[in-house]
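Please read the structure below before turning to the comments.
In this note's numbering, the protein residues as written are 20 to 644.
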C-alpha cells in the first residue's frame, strides 16, 4: 500500500483507486513457470476448458442472490432471505453490514442511492439516498481554499444512508429496522479484521490522527489493529442499538411496521444522536448543525430510463451521474455499435467517444433539479443521441465537446454556458464506494451504491457516536455558473449510480460498482456485452475493459486528462495499436487493472431462475441458492 506522503501528484485514476489496488491479485491469472506446466494434470473430463471460460463461476439459483463488496455484507443479506425476507430486506441488511465492515469505502454517515423493483406492484422506485448541503454551506465559505475539502468536518453533506434504508424498508420491505440491523450490530460488537482492511488501517494511521474521535475509534489505545484481530466499534454499536430499540419499542406499541421504522429513523435524525453530531460539528469547525439533521428528508422518485437493444435501463435523476449512462448508451446505439465486433478496434473507439460526449454533457448540464434547470428531455432523447453520434469520427477527439440540448427543449438557454475547468490546487485524495445487488424468488430487485465516510485521508467521526461523516460536498462546484454549484439544502451531483435493467416490463438485472467517475462507464462496458450481444453475465464482467479520463472529474480539483484512455492489456496488441493510431492516448493497465468492482444479480427471462456475478478486479462476493 502507498504511504500517505506518496499520494501527491497521483492521476485521477490513482487517486480514486489506490486504496483497493492491492486487493485483487489473482493467482489464477498469473503465468505458470514451465516446470509447473509440466506437472499440471490434464483437466477433468467434466470441466469445460475454452477461451470463454471465466475465472469465477456465474452463480445461479431459484431462491435468492446477494452480491456485495464483502462476505460480511453478503452473509447479512443472506440471513434476511433465509429468515423469510425479500430482496429489499436483504439489501438493507447488507448495506448496514457494509457500513460497519467496509469502512475503507463507506461509513454509517455516508450516502446510499438505491433503486428498487417491487414485483408485486410492478413498480420501480429511486430512493435518492444523497445528503444535502448544510444550511451554513455556501461558496464563500470555501473561497479562500479554492475548493471544498474532501476530509474533515467541513466537507460533509447530511448523512443520508439511514433515511434511505428506512424508506426502502417502508417502500418494499417486510421487516423492521430492528430485524435487519441485527447482523450489523453483531459485527460492530466485533468482526475479524481481514487483509485488505488491515492494509488500509496501516496506511491511514497517520492521516486519521488529525481527528481524535476517529483515531480513538479505529486505533484504540493508539494500537494498529492487525489482520485476524477482533475489531470492535462500541460507539457505533450503541448508536445502532439506539435506532433498533426505537423501532422495536414503536412496533411493540403500535404493531405498525412503517411507524416503527419511522421511529427508528427519527432516533438518528431527531434525537440525542443528532444533537451529539451537531454539537461536535460546531465544536470542530464544521458546518452541520442539529437543525440540518432534524429537517433532512430524503426523496423517493421515478427513475429516468432509456430503451436500448430491446431492454429498458433505469437510473437515478440528474442529481446523480446516472443519466450519463443512458445518454452514452443512446449515442453508442445510434452510432451502430451493435453491428461491430465486441472488443474490436471500431467497437472500443465508439464506446470511448460515446462516453466522452455523454460525460462532457454531464459536467455541463447536470445538477440537483430542485435548484438547477436541466434540459433533461433533450439530453435523454434519441434525436439528441443521433446528433451527438454524428460527432464520432475516425479519430479520437481531444476536445471537450458540449452539446446544445436547449435547442431541442424548444427554447433558448436560460443560463450562461458553463465550461468546466480544473482547479489549480494540489491533488486531494478521494476514495471509493461499494455496491450491493439482490434479487429474490419473487423477482424483486435491489440495487444500492453506498459511499462516503471512508478512511482515506482521515475519517472524521462526530463525537462519541461512532459515525464517520460524509465527505460528499467535495463534488460540488464553486463556480456560480455551474448547475452543480454549492448551495444550502442542495444535493451534490453524486457519482453514485445504482442501476436496474428490465426486459419486456419484467425484472432482468440489478448492477452496480464502486469507482467514482468510473462507475457508469464500467457498467456500460458490461451492459453493452450483455444487452447488445447476449454474452453471459460473468463473461461480460470479466471481459477486457476501457475507461476514459478525458472529461473533468467530479472530486476536488476536477482534473481532466484529454484523450487519455485506460485500457487493460488483455485487449489484443493490434487493437491497441489501432486505437493509438486513431489518436487515443493509451494508458495500458494490467490484465484486470481498471478500477472497478462490479456486482450484479438478476433473472434469466427464459427460465425465471436467478443468476449473480462478481468482478475479479476487486474482492467481490456473491452467494445464491
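Here a beta-carbon is modelled for each residue, glycine too, at the ideal position from N, C-alpha and C.
Because the structure is a prediction, the values reported are computed rather than measured.
Counting only residues of its own chain and dropping the five nearest sequence neighbours on each side, residue 353 has a CB closer than 6 Å to the CB of 404, 405 and 408.
Residue environment for residue 111: buried (at least 16 other C-beta atoms within 10 angstroms of its C-beta).
Per DSSP, reduced to three states, the secondary structure at residue 521 is strand. Residue 266 has its alpha-carbon roughly 10 Å from the corresponding atom of residue 272. Burial check for residue 247: the Cβ neighbour count within 10 Å stays below 16, so the residue is exposed. For residue 214, the uninterrupted alpha helix (DSSP H) run begins and ends at 214-227, by DSSP. A direct Cα-to-Cα measurement between residue 133 and residue 163 gives close to 35 Å. The closest CA to that of residue 548, considering only 75, 279, 245 and 328, is found on 328. About 32 Å separates the Cβ atoms of residue 488 and residue 347, ruling out a contact at the 8 Å cut-off. Comparing alpha-carbon positions, the option among 225, 254, 523 and 202 lying closest to residue 242 turns out to be 225.
When the five nearest sequence neighbours on each side are left out, the beta carbons in the same chain lying within less than 6 Å of the beta carbon of residue 115 are those of 200 and 203, in order along the chain. Rounded to the nearest angstrom, the gap between the Cα atoms of residue 138 and residue 462 is 6 Å.
For residue 485, no alpha helix (DSSP H) run applies, since DSSP gives it neither H nor E. Nearest neighbour of residue 562 by Cα position, chosen from 612, 598 and 578, turns out to be 612.
In the structure shown, the three-state DSSP call for residue 388 is coil. By the beta-carbon neighbour count (other beta carbons within 10 angstroms, threshold 16), residue 412 is exposed. Between residue 545 and residue 560, the C-beta gap is smaller than 9 Å, which places the two residues in contact.
In the DSSP annotation of this structure, the continuous segment of the beta strand (DSSP E) that includes residue 587 starts and ends at 583-587. For residue 480 and residue 299, the gap between their C-alpha atoms comes out near 9 Å. A contact is defined here as three or more CB-CB pairs under 8 Å, and the segment 136-151 fails this definition with respect to the segment 494-505. Boundaries cannot be given for residue 358, as no beta strand (DSSP E) includes it and DSSP labels it neither H nor E. Here residue 232 has 480 as same chain residues with Cβ atoms under 6 Å from its own Cβ, once five neighbours each way along the sequence are excluded. Residues of the same chain with a CB within less than 7 Å of the CB of residue 75, apart from the 5 flanking positions on each side, are 557, 633 and 635 in chain order. Straight through space, the alpha carbons of residue 188 and residue 280 are spaced by roughly 8 Å.
Remark: three or more beta-carbon pairs, one from each stretch, lie closer than 8 Å, so the segment 615-623 and the segment 83-99 are flagged as touching. In this structure, residue 467 keeps its C-beta atom at 9 Å or more from the C-beta atom of residue 534.
For the 9 Å CB-CB criterion, residue 206 and residue 102 do not form a contact. A check of alpha carbon separations from residue 318 across 394, 382, 182 and 236 identifies 182 as the nearest.
In this structure, the alpha-carbon of residue 79 lies about 17 Å from that of residue 553. Put simply, of 538, 400, 291 and 397 the residue whose alpha carbon is nearest the alpha carbon of residue 614 is 538. Annotation for residue 590: 563 place their beta carbon closer than 6 Å to its own, counting only its chain and skipping 5 residues before and after. DSSP lists 136 and 458 as the beta-bridge partner residues of residue 464. For residue 326, the enclosing beta strand (DSSP E) begins and ends at 323-327.
If one requires a minimum length of 4 residues, the alpha helix (DSSP H) runs lying completely within the segment 255-300 are 276-288, in chain order. Look at the beta carbons and you see the segment 511-519 touching the segment 492-499: at least three pairs across the two are nearer than 8 Å. Taken in chain order, the whole alpha helix (DSSP H) runs of length 4 or more contained in the segment 151-190 number zero.
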